[in-house]
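Accompanying notes for the structure given below.
Residue numbers (the working numbering): 36 to 153.
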């Protein structure tokens, strides 16, 4: 989900904005591409941690969750203060969703790796 969203943001930001009814412009496209880089980086962290011990996986997921939620709050605060346009809202909404998904996943990571039985 992180990687697919990131690729959309990087390659076709105007299309991604149109999904939520926001008109594309140079500034909005730039902001979405910047977010695409962050999402792609997050996807790489998740991919790298996938075969690690459960504790590592929980730390990576929680770290990404904090990053996405706090980054969204910063953007939304800037929007309410009039520093950025409404183009920042869809990006914040996606990041809030991804942050929540990260924390739900933290709770679902088993305390131990399953061992094969034979």
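Glycine included, every Cβ here is placed at the ideal spot set by N, Cα and C. All of these numbers come straight from a predicted model, not from anything done at the bench.
Nearest to residue 48 by C-alpha distance, out of 63, 36, 89, is 63. Scanning the segment 62-138 from its first residue to its last, the whole alpha helix (DSSP H) runs of 4-plus residues come out as 89-115. One alpha carbon belongs to residue 95, the other to residue 56, and they sit about 33 Å apart. Residue 36 sits in coil when the DSSP states are folded into three classes, being neither helix nor strand.
Cβ neighbours of residue 147 within its own chain (closer than 7 Å, five residues either side excluded): 89.
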